[in-house]
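Be aware that the sequence shown starts at 44, since it is given in our numbering, and climbs by one per residue. Cβ coordinates follow ideal geometry from the N, Cα and C atoms, glycine included. The block underneath contains the structure these notes are about, expressed in structure tokens.
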Amino acid sequence: MLAEHAEFGVNINSVLGSGINHPQDALTVANRAVELGFTSTLGIIHDGTGQLRPLSELEQSIYTKIKNLGKRSYARFDKFQKNIVQAQPNDWRCRAGARYLYICENGLVHYCSQQRGFPAIPLKDYSRQYMRREFNTRKSCAPFCTVSCVQQVAMLDNWRSPQTLNPQAAGNSTLVRLQTQSQEKTEVFAK
Ligand code: SF4
44 MLAEHAEFGV NINSVLGSGI NHPQDALTVA NRAVELGFTS TLGIIHDGTG QLRPLSELEQ
104 SIYTKIKNLG KRSYARFDKF QKNIVQAQPN DWRCRAGARY LYICENGLVH YCSQQRGFPA
164 IPLKDYSRQY MRREFNTRKS CAPFCTVSCV QQVAMLDNWR SPQTLNPQAA GNSTLVRLQT
224 QSQEKTEVFA K
């Protein structure tokens, strides 16, 4: 019915990775989406800390098949995902807290769903000053991050303003999950 009647663009997103029981479902969904004339995107799902878990051989082959579905699939343009699939780090500047905000149920601004606790400032107080600070704050979780929506908005200005500041937590420190790069690599490749 959507294919026949929708007066807006319809995109179907399927996901791969991190313990999904039937990864082949993603291909079935993507094929059907394209057949119906919809666009199809593919997300690589992250673990509970927003970090990469390398894809299995089966998942990698499904990724390639979806990528080759044709130009209606955005997956073919995503260089971030290509590195993620190969368990390679991405070199980018995460602009969470500036270009992208995650607002929790308590009305606090956090970097993203996986990094709650930074900066944990109420939305009503979240001024441009904070956005500028976070724009220039380096996120140690960036190399193995799989939060693709933040990566996509970061492309706008990845080339400018090197990040020189360290994250500042203003909220409940028990929610903080940022790690050092070496911790992340040990965790990812030990599996
Ligand atoms: S790199 Fe940015 S988007 Fe990714 S987990 Fe860290 S704060 Fe979140």
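From this set, the options, which residue's C-alpha is nearest residue i's C-alpha?
i: Gln211; options: Arg203, Arg75, Asp68 and Asn179; result: Asn179
i: Gln158; options: Pro132, Leu98 and Tyr143; result: Tyr143
i: Asn201; options: Phe81, Ala141, Cys155 and Ser156; result: Ala141
i: Asn64; options: Ile88, Arg75, Gln195 and Gln206; result: Ile88
i: Cys155; options: Leu199, Arg138 and Gln206; result: Arg138
i: Val128; options: Leu45, Gly60 and Trp135; result: Gly60
i: Arg136; options: Leu199, Asn74 and Asp168; result: Leu199
i: Asp134; options: Tyr169, Val53, Gln194 and Pro162; result: Gln194
i: Val196; options: Asn74, Tyr169, Phe51 and Phe123; result: Phe123
i: Asn54; options: Met44, Asn74 and Phe81; result: Phe81
i: Arg175; options: Thr189, Glu148 and Pro205; result: Pro205
Beta-carbon within less than 7 Å of residue i's beta-carbon, same chain only, minus the 5 sequence neighbours each way: which residues are those?
i: Gly86; result: Asn56, Val58 and Ser191
i: Ile146; result: Val152 and Leu166
i: Leu70; result: Ile105, Lys108 and Ile109
i: Ile164; result: Leu151, Val152, Tyr173 and Ala213
i: Lys125; result: none
i: Gln103; result: Val128
i: Val72; result: Ile55 and Ser57
Should residue i be counted as a contact of ligand 2 given a C-beta to heavy atom distance under 7 Å?
i: Ser204; result: Only ligand 1 can be found as ligands here, which leaves ligand 2 out of the picture.
With a cut-off of 8 Å on the beta carbons, I'd call residue i and residue j a contact; round off their distance for me.
i: Leu101; j: Pro66; result: 6 Å
i: Leu208; j: Arg181; result: 7 Å
i: Ala49; j: Leu79; result: Contact doesn't hold; Cβ gap of about 10 Å is too wide.
For residue i, I'd like the list of residues in its chain whose CB is within less than 6 Å of its CB, leaving aside the five on either flank, ordered along the chain.
i: Ala130; result: Pro97
i: Arg119; result: Per-residue confidence for Arg119 stands at a pLDDT of 43, beneath the threshold of 50, marking its modelled position as unreliable; no derived number is given.
i: Glu177; result: Gly140 and Ala141
Under 8 Å Cβ to Cβ from residue i, same chain only, skipping five residues before and after it: list those, please.
i: Asp68; result: Ser57
i: Tyr169; result: Leu144 and Val152
i: Asn74; result: Leu112
Residues with C-beta closer than 6 Å to any heavy atom of ligand 1, in chain order
Going down the chain, each residue whose beta-carbon is closer than 6 Å to a heavy atom of ligand 1 shows up: Gly93, Cys137, Ala139, Tyr154, Cys155, Gln157, Gln158, Lys182, Cys184, Ala185, Cys188, Val190 and Val193.
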